[in-house]
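Asks: Chains B and U, in that order, give the protein sequences.
Numbering-wise, the numbering used here comes out as the position in the first sequence, counting from 1, plus 72.
Numbering-wise, the numbering used here comes out as the position in the second sequence, counting from 1, plus 1432.
One structure, as structure tokens, below. Some questions next.
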Amino acid sequence: MLSKRIIPCLDVRDGSVTKGITFLNNVDVGDPVAMARHYYEQGADELVFYDITASNERRGIMIDVVRAVAREIFIPFSVGGGLRNLDDMRAVLMAGAEKVSIDSGAVRDPSIISAGAKAFGSQCIVLSMQVKRTGARPSLPSGFEVVIDGGRLFTGKDAVEWAREGQRRGAGELCVNSIDRDGTNLGYDLELTGKVSRAVSIPVIASGGAGEPEHLREAFVIAEADAAIVASIVHYGKYPIPAIKRYLAERGVEMREPPRLERRGS
Amino acid sequence: MIAIVDYRAGNLTSVARALEYLGHRCEITDRPERIASAERVILPGVGAAGATMDNLRALGLDRILREEVIAKGTPFLGICIGIQILLDRSEEDDARCLGVIAGHVARFPNQLGGRPLKVPQIGWNRVHQVKSHPLFAEVPDNTHFYFVNSYYPIPADSAVAIATCEYGVSFTAAIARGNLVATQFHLEKSGPAGLRLLDNFCRLVN
């Protein structure tokens, strides 16, 4: 049986992890490689890095980060943030990421989903969407609207319909981030996640709002998510990944056990 | 030297990085003489069966792998598409494959018992070791490995299956015959357990 995945998310600006991660002994919390290694050793099933570097000139730094991370962790990881075309995607994949996460760029130009899937395979393409509840209306039957540019721009796109279109265009997975729940620790938006999960046949990743292990159980069991993004719940040390996995496994959720560490070669 | 076969697909460097991490020297190459003379050969990758076979044939590597590597008993590891192309043919692109293991490659069903099955399978699944093999040395039974696949191998002789996995159907997740081993899962993306298998392969006695 396929296990449910727990995916820590790291925001990286100018090559450093942001969000004031405070908890770790002997780990440089600003260093994305050290952080990736830490979560790898804790049993994260995958990682996602969002490049929030503001200036285009400094984008190359992220490629160096990806290259360094790929030498230290041997689980899949994806990279998102500012990917607009095939060249952007190729650079990240060639540097060692398993997947790319495309978001605003795909809303502006949906053809990059199919172009990416054709060039690199659907399994490389995660369509990520930022979603707000703006109320059901004829043009927005689900009541969930896709927003872009960090939540500043409302697109009028229905999130469930956009999910279907993403699948049709060749996305391999969908990451659904609730802007309403992001940073609240109140739990994932189960209605949103469930609606998207039931509308598509590709894996769905719940995102935004995890504050307790129970929130992940709800996302997996009630909203039928295949994976869940975690940020502050793990970054601030309240619940280490092994503790979350134990909680979920005890409640019948299929989990990959935290690993025993390999020996490094000389 | 370990040769990683370059057949113009993605994901070659991740295997190289994992080998380097473990301290094994390797070379990504498409040169027939390098592959034929390597101590070990790895065929990794993601991709479609038809395109993979087309590329191998265009590079003249299908014959090299069959006759100069596998037939001669050079330790060989196939990963993901690298297990599938060992069989006679694949439902994917209706591709004729290397045919060094009798059998074929089938697609997962889209539905199972009236419920939709997500295809491809993406994620960590438990691998059951159905017989003892040095590839799995020191790796506990039912360990999770990382899979990305829409298709799975069905060897005609089930005796070559050393591990199985369930995804809608029960399928062969690893095969072995002499110095030939192959896995459907990505051991280079399967964390410490995957690295352990890769290291075990590098220590298989030639």
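Glycine included, C-beta positions come from ideal geometry on N, C-alpha and C.
For U:Thr1445, which residues in chain B fall below 7 Å Cβ to Cβ?
Replies: For the purposes of this step, residue 1445 of chain U is taken as residue 13 along the second sequence, with counting starting at 1. The answer, in chain order, is Gly168.
Asks: Hey, is U:Asn1557's beta-carbon within less than 8 Å of any beta-carbon in chain B?
Replies: As a position in the second sequence, residue 1557 of chain U is number 125, starting the count at 1. So yes, U:Asn1557 belongs to the interface.
Asks: For the alpha helix (DSSP H) holding B:Gly228, just list the boundary residues, first then last.
Replies: As a position in the first sequence, residue 228 of chain B is number 156, starting the count at 1. Where B:Gly228 is concerned, there is no enclosing alpha helix (DSSP H), although the beta strand (DSSP E) it sits in stretches over 225-230.
Asks: Scan the stretch 1500-1530 of chain U for residues whose Cβ lies nearer than 9 Å to a Cβ of chain B and list them as they occur along the chain.
Replies: So nothing in the stretch comes that close.
Asks: Below 9 Å on C-beta distance, what does B:Ser75 contact in chain U?
Replies: For the purposes of this step, residue 75 of chain B is taken as residue 3 along the first sequence, with counting starting at 1. Under the 9 Å cutoff, chain U gives Gly1555, Trp1556, Asn1557, Arg1558, His1576.
Asks: Can you tell me where the beta strand (DSSP E) with U:Thr1604 in it begins and where it stops?
Replies: Position 172 of the second sequence, counting from 1, holds the residue named residue 1604 of chain U. That run of the beta strand (DSSP E) goes 1601-1609.
Asks: Below 8 Å on the Cβ atoms is my contact criterion, and I expect U:Val1562 with U:Ala1614 to pass it. Report the Cβ-Cβ distance as a whole number of Å.
Replies: In the second sequence, counting from the first residue as 1, residue 1562 of chain U sits at position 130. In the second sequence, counting from the first residue as 1, residue 1614 of chain U sits at position 182. In fact, because the Cβ distance is near 15 Å, the residues do not count as touching under 8 Å.
Asks: Would you say B:Arg241 reaches chain U, if we count a Cβ-Cβ gap shorter than 8 Å as a contact?
Replies: In the first sequence, the residue the question calls residue 241 of chain B occupies position 169. Output row for B:Arg241: interface = no.
Asks: Let me make sure I understand the geometry here. Which of U:Lys1550, U:Asp1462, U:Asp1573, U:Ile1607 has the alpha-carbon closest to that of U:Ile1586?
Replies: Within the second sequence, residue 1586 of chain U is the residue found at index 154, counting from 1. Of U:Lys1550, U:Asp1462, U:Asp1573, U:Ile1607, the residue nearest in Cα terms is U:Ile1607.
Asks: CB-CB under 8 Å to B:Gly193, same chain, minus the five flanking residues each way: which ones, in chain order?
Replies: Within the first sequence, numbered from 1, the residue matching residue 193 of chain B stands at position 121. Result list for B:Gly193: Gly244, in chain order.
Asks: What are the boundary residues of the alpha helix (DSSP H) that includes B:Ala140?
Replies: Sequence index remark: in the first sequence, residue 140 of chain B carries index 68 (1-based). 132-142 is the span of the alpha helix (DSSP H), which, as asked, contains B:Ala140.
Asks: Of the residues that make up the stretch 1593-1621 of chain U, which ones have a beta carbon closer than 7 Å to any beta carbon in chain B?
Replies: Taking 7 Å as the Cβ-Cβ cut-off against chain B, the residues of the stretch 1593-1621 of chain U that qualify are Glu1598, Tyr1599, Glu1620, Lys1621.
Asks: How would you list, in chain order, the residues of chain U whose beta-carbon sits under 7 Å from the beta-carbon of B:Glu245?
Replies: On the first sequence, residue 245 of chain B is found 173 positions in, with the first residue counted as 1. Near B:Glu245 (Cβ distances below 7 Å), the residues of chain U are Ile1554.
Asks: Are the Cβ atoms of B:Ile124 and B:Gly168 separated by less than 8 Å?
Replies: Taking the first residue of the first sequence as 1, we reach residue 124 of chain B at position 52. Taking the first residue of the first sequence as 1, we reach residue 168 of chain B at position 96. It is not a contact, given that the beta carbons lie outside the stated cut-off.
Asks: Taking the straight line between their C-alpha atoms, what separation do you get for B:His339 and U:Leu1519?
Replies: The displayed coordinates of chain B run from 73 to 338. Any statement about residue 339 of chain B would go beyond what the structure contains.
Asks: Quick check: the stretch 1437-1450 of chain U against the stretch 323-334 of chain B, are there 3 or more CB pairs under 8 Å?
Replies: No: fewer than three Cβ pairs fall under 8 Å.
Asks: Is the stretch 207-220 of chain B touching the stretch 134-151 of chain B in the sense that three or more CB pairs, one from each, lie closer than 8 Å?
Replies: No, because fewer than three Cβ pairs between the stretch 134-151 of chain B and the stretch 207-220 of chain B fall closer than 8 Å, the two stretches do not touch.
Asks: With a cut-off of 8 Å, does the C-beta of U:Asn1632 fall near any C-beta of chain B?
Replies: Within the second sequence, residue 1632 of chain U is the residue found at index 200, counting from 1. Taking Cβ atoms only, chain B never reaches closer than 8 Å to U:Asn1632, which makes this a no.
Asks: Under 8 Å Cβ-Cβ, which residues of chain U neighbour B:Arg328?
Replies: Against the first sequence, residue 328 of chain B aligns to sequence position 256. The answer, in chain order, is Trp1556, His1576.
Asks: Exposed or buried, what is B:Gln202 when buried is set at 16 or more other beta-carbons lying within 10 Å of its beta-carbon?
Replies: Against the first sequence, residue 202 of chain B aligns to sequence position 130. Buried is the call here.
Asks: Closer than 6 Å by C-beta to B:Gln195: which residues in its own chain qualify, once you throw out the five before and the five after it? Chain order, please.
Replies: Within the first sequence, residue 195 of chain B is the residue found at index 123, counting from 1. Around B:Gln195: Gly244.
Asks: At a Cβ threshold of 8 Å, is U:Pro1548 touching chain B?
Replies: Taking the first residue of the second sequence as 1, we reach residue 1548 of chain U at position 116. True, the Cβ-Cβ gap to chain B drops below 8 Å.
Asks: Based on DSSP bridge pairs, tell me the residues matched to U:Trp1556.
Replies: As a first step, residue 1556 of chain U must be located in the second sequence, where it is residue number 124. Note: U:Trp1556 sits in a beta bridge opposite U:Tyr1578.
Asks: For U:Arg1609, I'd like the list of residues in its chain whose CB is within less than 8 Å of its CB, leaving aside the five on either flank, ordered along the chain.
Replies: Reading the second sequence from its first residue, position 177 is the one you call residue 1609 of chain U. For U:Arg1609, where only same-chain residues beyond five positions count, the Cβ hits under 8 Å are Ile1533, Val1592.
Asks: What number of angstroms, rounded off, separates the C-alpha of B:Arg323 from the C-alpha of B:Pro285?
Replies: For the purposes of this step, residue 323 of chain B is taken as residue 251 along the first sequence, with counting starting at 1. For the purposes of this step, residue 285 of chain B is taken as residue 213 along the first sequence, with counting starting at 1. Approximately 11 Å between the Cα atoms of the pair.
Asks: Rounding to the nearest angstrom, what Cα-Cα distance links U:Asn1632 and U:Gln1616 in this structure?
Replies: Along the second sequence, read from residue 1 onward, the residue named residue 1632 of chain U stands at position 200. Along the second sequence, read from residue 1 onward, the residue named residue 1616 of chain U stands at position 184. About 16 Å.
Asks: Output needed in chain order: residues of the stretch 286-300 of chain B with a Cβ under 8 Å from some Cβ in chain U.
Replies: Flagged, chain order: Asp298, Ala299.
Asks: May I have a chain-ordered list of the beta strand (DSSP E) segments no shorter than 3 residues that lie completely inside the stretch 223-281 of chain B?
Replies: For the stretch 223-281 of chain B, whole beta strand (DSSP E) runs of length 3 or above, ordered along the chain, are 225-230, 245-250, 276-279.
Asks: From which residue to which residue does the alpha helix (DSSP H) around B:Gly177 run?
Replies: On the first sequence, residue 177 of chain B is found 105 positions in, with the first residue counted as 1. Residues 176-180.
Asks: Could you have a look at U:Tyr1584 and say whether DSSP puts it in helix, strand or coil?
Replies: As a first step, residue 1584 of chain U must be located in the second sequence, where it is residue number 152. U:Tyr1584 falls in the strand class under three-state DSSP.
Asks: Which same chain residues, not among the five before or five after B:Pro275, have their C-beta less than 6 Å away from its C-beta?
Replies: Reading the first sequence from its first residue, position 203 is the one you call residue 275 of chain B. Same-chain partners within the cutoff: Glu245, Asp298.
Asks: State yes or no: is the beta carbon of U:Val1580 nearer than 8 Å to at least one beta carbon in chain B?
Replies: Along the second sequence, read from residue 1 onward, the residue named residue 1580 of chain U stands at position 148. Yes, contact with chain B.
Asks: In three-state DSSP terms, what is B:Met327?
Replies: Counting from 1 along the first sequence, the entry for residue 327 of chain B is found at position 255. Of the three classes helix, strand and coil, the one that applies to B:Met327 here is coil, per DSSP.
Asks: Which residues in the same chain as U:Ile1517 place their Cβ atom closer than 7 Å to its Cβ, once the five residues preceding and following it in sequence are excluded?
Replies: Stepping through the second sequence from its first residue, residue 1517 of chain U is reached at position 85. Cβ within range, chain order: Ala1481, Thr1484, Met1485, Cys1529, Leu1530.
Asks: Anything in the stretch 1466-1480 of chain U with a Cβ closer than 9 Å to a Cβ of chain B? List those residues in chain order, please.
Replies: The residues in question are Val1478, Gly1479, Ala1480.
Asks: Can you find a C-beta in chain B that's less than 8 Å from the C-beta of U:Pro1541?
Replies: On the second sequence, position 109 is the one that residue 1541 of chain U refers to. It does not; no Cβ of chain B falls within 8 Å.
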